Every structure is written in structure tokens, then in C-alpha cells.
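If you're matching them up, the sequences are chains A and B in order. The numbering used here puts the first residue of the first sequence at 5, with every later residue one more than the last. The numbering used here puts the first residue of the second sequence at 75, with every later residue one more than the last.
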Amino acid sequence: MPLNTVTLGEKVAFCALAVLAVVLVAVLGLRGYLEEQRHAATEAARTQHSTEVVLGETLALDSIEDEKGIAEDPSFQARFGFQGMMEITLTEVEVISKGDSRAVGWADRGYDGYLVTTVKLRNANASGESGAYDKEYRFNISGVCGINGSEVGILPDLAFFSGTPDDASDKEGYAFDLPPGEEVELTLAFGFAEDDLIPGVEIYLDLGMDGGARHKYRIDAGLSTDNLVERLSS
Amino acid sequence: MLKKRTLIGAALALSLALGTGVAYAEESPKAGVVGGVDSGVAPLVNNTDTSFSFSLASAGSTQGTAGRAKDTSSSVYIRIDGWGGKAPRMYIDGYRSGTGWVNCTQGTYHANKTGEYEVYNTVKENGLSMARLTSWGESGYGYVYGVWSPDCVGSFPRL
């Protein structure tokens with residue numbers, strides 16, 4: 005289209021459109037930058053306020069402290085499924101093969117081996133959240149802890165859990181009873197297939213419910229996915 | 075001669091190009107879970123409840139559980155123990171090796187009530203054997219927590 009056929013009004017409209025586009029790009033760019041900055045600040049604060057211990061160290065899980073969140077993000081809560089405080093210690097981590105005699109009867113979804121973790125839990129003064137179970141001191145172990153399966157390629161479904169009460173239903177397979185003042189040692193076995201593992205990833209016991217803030221409290225298990233394969237073949 | 079609708083069209087195209095059009099995360103995979111299951115020797119049903127807790131800081135943010143084995147073509151079971159803020163949208167994703175997580179939710183669900191419910195999905199129908207529960211902040215800050223299981227035994231209302 006020859007330029008001389010464009011009217012003055014159209015030229016003005018076109019220029020206005022161009023100005024609008026520039027303003028829009030600037031606004032969007034600034035908004036994106038600020039959002040990125042805010043996100044980075046929140047992530048940094050989350051990391052700063054996260055607590056990590058190692059195998060053998062005891063960590064207090066305090067629902068009141070957790071519910072405070074952090075100044076930068078009040079929603080940063082792990083949630084444990086109880087009110088009060090429990091203490092948790094990861095006491096042992098072991099890798100066994102599918103053929104190990106201890107694994108007889110454990111759930112098998114084509115696993116090559118099992119990551120067997122032993123945790124010691126002490127109930128300081130915790131009671132279950134209302135509506136979860138009929139019993140006040142019955143808890144769900146999946147709310148208290150679980151392996152960082154999303155990152156390493158291990159299914160979070162427990163192949164074996166030693167704490168299930170005799171009167172628990174099928175749905176309550178991850179339940180355990182622990183009255184205040186008492187202590188219990190629990191075994192959790194996570195099945196894994198070598199092909200599914202993501203190489204070189206550190207393995208943690210993440211504490212709290214599965215979801216957005218489970219890494220707020222965690223225990224370094226002292227091994228990586230590479231170690232799982234090594235130990236399985238040794 | 076330039077027509078008015080040409081200018082309007084140009085404005086719309088510009089707007090879309092700049093991403094100011096409606097962007098919807100329903101079918102986009104969320105932060106990742108990798109894994110796989112050989113269901114050949116799997117138990118018949120995976121209806122053991124595990125806990126979940128999502129807190130969506132703002133509109134557009136997403137959170138999800140790790141993937142769990144799904145053994146049947148049943149609904150996903152969910153028990154919502156608490157929620158607040160702007161009710162998050164809830165989804166069921168299925169995992170396919172190679173392509174990652176895909177949205178297998180059948181219908182639209184908001185976590186705006188407590189209780190036991192079913193969430194319809196097509197994970198097994200799509201030939202997938204892992205599922206995860208995810209949420210999306212549709213209109214701002216919101217949270218939801220409770221328990222869920224990949225397979226549902228019994229009958230509950232649709233969420």
C-alpha cells in the first residue's frame with residue numbers, strides 16, 4: 005500500500021498504537037522483573053528459614069512454630085497432621101535388594117531394591133488433628149515424613165511400614181499410634197527401580213505433608229541415588 | 075487504505091504476542107516428578123491415604139504431590155481437612171515416560187469444601203500408571219490440605 009494513501013488520522017492512530025506497544029512492553033517488563041525479584045526474595049527467605057539436620061541428629065517438629073510461617077511468606081508451612089510437638093531422629097538408612105529375605109511380603113511394583121529407613125519418634129505433647137482419625141493419638145506417617153521422591157525418582161508409596169496398628173483399615177496403612185510421652189522406632193521402606201532413579205541426587209527425609217513446603221524441615225540421609233545403585237550391586 | 079478493523083486487529087495481535095491474552099495452566103505440566111511403575115505385579119488397588127498440603131501464594135502458582143502408583147481406573151479419593159483463601163483448582167496428572175506429566179483431570183474441581191470426595195480422571199484410561207494430585211491458584215492466595223489416594227474404594231460425592 006503506498007504511503008501517500010494513508011490519511012493523517014490513520015498515521016496518528018498508527019503512532020498511538022506504536023506508543024501503546026512501547027508502554028505495554030515497558031510495563032510488562034517491569035512487572036515481570038518485580039515479580040522475579042519478589043519470587044527470588046521469597047525463595048531465599050525460605051531457604052534461610054529452612055532447617056536441616058543429618059542422620060543421627062534429632063529435630064523437633066513443632067506445629068506452633070511451623071504455623072507461623074515466615075515473614076516473607078506466612079504460607080510457608082510444612083504441616084505435620086498434628087498439633088503440638090514431636091521429635092524425630094533418622095537413625096539408620098540401608099539399601100537392600102529385592103531378593104533380601106527381609107523384603108518378603110513387601111509391596112513390589114517392579115522394584116530392584118528398597119531404601120529402608122529407620123526413624124525414632126518421640127511424642128512430646130502432640131495430638132492428631134480433628135477429623136483425621138477416631139483416635140486422638142493416631143497419626144499418619146506420610147504427614148510426618150517421606151523421602152524426597154519427586155526429586156530422586158523414588159515412589160513415595162511405602163513398600164513396607166512397621167507402625168500400622170492392627171485395627172487400622174486399608175486406607176489407614178500409614179497410620180501409627182503414639183501417645184504423649186512415648187517413643188517408637190519405625191521402619192519405612194521405599195521401593196525403587198534403578199532405571200527410574202535420577203543420577204547424582206542427594207536423598208533426604210522430608211518432614212511434613214507432601215506438597216509445597218515439605219523441604220522446610222529435612223534430614224540429610226547421607227547418601228545419593230548413585231549410592232543406591234552402588235550398594236545394590238555390591 | 076488502512077481500515078479501523080485492521081488497526082484493532084493489529085492491537086489484538088500485539089496484545090497476544092506480548093502475552094496479555096488469557097494464559098491457562100490446565101494442561102501444562104507442573105514441577106516435576108520422575109518415575110515409573112511396572113504394574114504387572116502391583117497390588118490391585120492403591121487406596122492408602124497419604125497427606126498433602128498446598129499453599130498457593132498467588133494466582134497462577136502451582137503445587138503438587140509426588141507421583142504415586144495408580145492401579146485401577148477408579149476416581150482419585152480426596153479428603154479435604156481444611157482450606158482457605160481463594161479456593162484452589164485441583165487436578166490429577168498422569169505420568170508417561172518420555173513426555174512427562176499430563177493433565178488427566180475429567181471435569182473442573184475447586185477445593186472449596188471439607189469432606190470426602192472423588193475426583194474423576196483418565197489416568198489409567200490413558201495407559202498411565204502413576205498419578206499425582208496438584209493444585210493451581212486460580213484467582214489468588216489459597217490453601218488446602220488433607221489426605222488423598224490414587225485409587226478410590228467406595229462411593230463419595232464428586233468434589
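Note that the Cβ used here is the ideal one computed from N, Cα and C, for glycine as well. Predicted, not measured: the structure shown is a model, and the values here were computed from it.
Taking the alpha carbon of residue i as the reference point, which residue from the options has its own alpha carbon closest?
i, options, result
"S213 (chain B)", "B:N121, B:V119, B:T136", "B:T136"
"G185 (chain A)", "A:M89, A:D77, A:K72", "A:M89"
"A131 (chain B)", "A:C19, A:R50, A:A64", "A:R50"
"R142 (chain A)", "A:I223, A:F86, A:L12", "A:F86"
"T46 (chain A)", "A:K15, A:P78, A:L21", "A:P78"
"V108 (chain A)", "A:A193, A:T93, A:A75", "A:A193"
"M204 (chain B)", "B:W157, B:A185, B:S148", "B:S148"
"F112 (chain A)", "A:A128, A:G153, A:L162, A:S134", "The residue you asked about is not Phe; residue 112 (chain A) is Asp in the sequence shown. If we check each option's Cα against that of D112 (chain A), A:L162 comes out closest."
"S171 (chain B)", "A:P203, A:D199, A:S105", "A:D199"
"L125 (chain A)", "A:S173, A:V16, A:F180, A:L24", "A:F180"
"G134 (chain B)", "B:W210, B:G228, B:D225", "B:W210"
"G220 (chain B)", "B:L202, B:K144, B:I154", "B:I154"
"L118 (chain B)", "B:M164, B:D225, B:F230", "B:D225"
"S127 (chain B)", "B:G158, B:A143, B:G201, B:L202", "B:G158"
"T191 (chain A)", "A:D174, A:G132, A:T95", "A:T95"
"A197 (chain A)", "A:E39, A:G114, A:S237", "A:G114"
"E56 (chain A)", "A:S237, A:Q41, A:K139, A:L209", "A:L209"
"T173 (chain B)", "B:E190, B:L202, B:F230, B:T188", "B:L202"
"A48 (chain A)", "A:E76, A:S238, A:G36", "A:E76"
Are residue i and residue j closer than 9 Å when you measure CB to CB?
i, j, result
"V148 (chain A)", "E189 (chain A)", "no"
"L152 (chain B)", "E199 (chain B)", "First, the amino acid is wrong: residue 152 (chain B) is Ile here, not Leu. The answer is no: Cβ separation not under 9 Å."
"A140 (chain B)", "R206 (chain B)", "yes"
"Y240 (chain A)", "D116 (chain A)", "Nothing in the structure corresponds to residue 240 (chain A), since chain A is present only between 5 and 238."
"G153 (chain A)", "L159 (chain A)", "yes"
"D214 (chain A)", "S125 (chain B)", "yes"
"D174 (chain A)", "V227 (chain B)", "yes"
"V218 (chain B)", "G168 (chain B)", "no"
"E155 (chain A)", "V205 (chain A)", "yes"
"F18 (chain A)", "V26 (chain A)", "no"
"G189 (chain B)", "S129 (chain B)", "no"
Run down chain A in chain order and give the residues with a C-beta less than 7 Å from the C-beta of residue i.
i, result
"F126 (chain B)", "M213, D214, G215"
"R142 (chain B)", "L159, P160, D161"
"A200 (chain B)", "The amino acid at residue 200 (chain B) is misidentified as Ala; the sequence shows Asn. Result: empty, since nearest Cβ-Cβ is about 18 Å, beyond 7 Å."
"Y191 (chain B)", "Here the premise fails: no neighbours, minimum Cβ distance about 14 Å."
"T139 (chain B)", "D214, G215"
With a threshold of 8 Å on Cβ separation, who are the neighbours of residue i within its own chain once the five nearest residues in sequence on each side are excluded?
i, result
"T122 (chain B)", "S223"
"P183 (chain A)", "N127, Y141"
"L211 (chain A)", "L63, L65, A82, F84, I92, V148, C149, R218, K220, Y221, R222, I223"
"V16 (chain A)", "none"
"A85 (chain B)", "Legend: pLDDT at A85 (chain B) = 45, less than 50; position of this residue unreliable, no value from coordinates given."
"E187 (chain A)", "K124, L125, R126, N127"
Apart from the five residues just before and just after residue i, which ones in its own chain have a Cβ nearer than 6 Å to its Cβ?
i, result
"E98 (chain A)", "V120"
"T196 (chain B)", "C178, Q180"
"N186 (chain B)", "A161"
"M164 (chain B)", "Y183, A185, S209"
"Y194 (chain B)", "S149, Q180, G181"
"Q52 (chain A)", "none"
"A172 (chain A)", "A179"
"H43 (chain A)", "none"
"I74 (chain A)", "A49, H53, F80"
Assuming the contact rule is C-beta atoms closer than 8 Å, residue i and residue j should be a hit. Round their C-beta distance to whole Å, please.
i, j, result
"G177 (chain A)", "Y118 (chain A)", "About 16 Å; that fails the 8 Å criterion."
"I145 (chain A)", "F165 (chain A)", "6 Å"
"S67 (chain A)", "F84 (chain A)", "6 Å"
"G135 (chain A)", "I202 (chain A)", "About 36 Å; that fails the 8 Å criterion."
"I207 (chain A)", "S228 (chain A)", "6 Å"
So which residues of chain B does residue i contact, with C-beta pairs closer than 8 Å?
i, result
"E133 (chain A)", "D155"
"L284 (chain A)", "The structure shown does not extend to residue 284 (chain A), since chain A is modelled only from 5 to 238, so the question has no answer here."
"Y178 (chain A)", "T122, D123, T124"
"N144 (chain A)", "D123, T124, S125, V221"
"A136 (chain A)", "D155, V221"
So, at 7 Å on beta carbons, what are the nonlocal neighbours of residue i in its own chain, with the 5 sequence-adjacent residues on each side left out?
i, result
"A217 (chain A)", "F80, Q81, A82"
"G226 (chain A)", "V58, L59, V97"
"L12 (chain A)", "none"
"T235 (chain A)", "For clarity, residue 235 (chain A) is Arg in the given sequence; the question names Thr instead. Answer for R235 (chain A): V99, listed in chain order."
"S102 (chain B)", "Model confidence at S102 (chain B) stands at a pLDDT of 30, short of 50, so the residue's coordinates are unreliable and nothing is read from them."
"L81 (chain B)", "Any reading at L81 (chain B) is ruled out, since the residue's pLDDT is 45, under 50, leaving its predicted position unreliable."
Please list, in chain order, the chain B residues whose beta carbon lies closer than 9 Å to that of residue i.
i, result
"D77 (chain A)", "S129, A131"
"D70 (chain A)", "Simply none; closest approach about 10 Å."
"D174 (chain A)", "V119, N121, T122, V227"
Nearest chain E C-beta to residue i closer than 9 Å, yes or no?
i, result
"F80 (chain A)", "Absent from the structure: chain E. Protein chains present are A and B."
Name the chain B residues whose beta carbon is nearer than 7 Å to that of residue i?
i, result
"D171 (chain A)", "Within chain B, no residue comes near D171 (chain A); the closest Cβ sits about 15 Å away, beyond 7 Å."
"G147 (chain A)", "S125"
"R83 (chain A)", "S127, Y219"
Anything in chain A within Cβ reach of residue i, meaning under 9 Å, just list it in chain order.
i, result
"Q180 (chain B)", "The premise fails here: Q180 (chain B) is roughly 23 Å from chain A at the closest Cβ pair, so nothing lies under 9 Å."
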